[in-house]
Amino acid sequence: MNWLILCQLSKIFMIPDTLMDFKSKYGAGRAIAAPQIGVMKRIIYMYIDKPVVCINPEWEISNHEKMEVWDDCMSFPDLLVKVERYKACTMQYRDRDWEKKVIQATGDLSELLQHEYDHLDGILATSRAVDDHSFALRSQKHGKGNYE
Ligand SMILES: [Zn+2]
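Our numbering runs 90 ahead of the 1-based position in the sequence shown.
Next up, the structure:
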């Protein structure tokens, strides 16, 4: 195995630690996508009630109704961005054991999946801002974040 592959693999194993470090620093953090720590793999790691590793996820809109949310992100913890997300979506993926899994999500979880999936394509919430008034500092909103 060459050094670069070894490095990539070891960074994959850093994903859960990175999320947990962020959680202990900011008191929140539900998920992280591999590209956020420089690993160019289609992997999302979520920790809501339990750890979930989503490999090669694909998502579909299950309801075309949209919602506006103030989105936050571990990549820019002090900034909130108002974005539009679909209210419901379905995500298929492979888990750690390469089993096929499906998540049907609505509301907060639907928003989270769309946010994380965007990271896999190099899209940040900042490029989905609804309009010129869609940026705020967390200190202006006083909200405690979920961080994605
Ligand atoms: Zn994010």
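Beta carbons: idealized from backbone N, C-alpha and C, even for Gly. Please read these numbers as outputs of a predicted model, since none were measured by experiment.
In this structure, does DSSP put Leu109 in helix, strand or coil? The three-state secondary structure of Leu109, taken from DSSP, is helix.
Please return the same chain residues whose Cβ sits closer than 6 Å to the Cβ of Glu148, not counting the five positions on each side in sequence. Excluding positions up to five away in sequence, the list reads Gln182.
Kindly indicate which residue of Asp208, Ile102, Arg186 and Leu99 has the alpha-carbon position closest to the one of Asp161. Of the residues Asp208, Ile102, Arg186 and Leu99, the one whose Cα lies closest to the Cα of Asp161 is Asp208.
For Phe112 and Arg228, the rounded distance between their alpha carbons: Their backbone Cα atoms lie some 16 Å apart in a straight line.
Starting from Tyr135 and walking both ways along the beta strand (DSSP E), at which residues does that stretch end? Per DSSP, Tyr135 is one residue of the beta strand (DSSP E) stretching across Ile133 to Tyr137.
Is Glu201 near ligand 1 - that is, is its Cβ less than 6 Å away from at least one heavy atom of it? Glu201 has its CB no nearer than 6 Å to any heavy atom of ligand 1.
Relative to the C-alpha of Glu206, which candidate in Glu238, Leu109, Pro141 and Gly128 has its C-alpha closest? Glu206 has its Cα closest to that of Glu238, out of Glu238, Leu109, Pro141 and Gly128.
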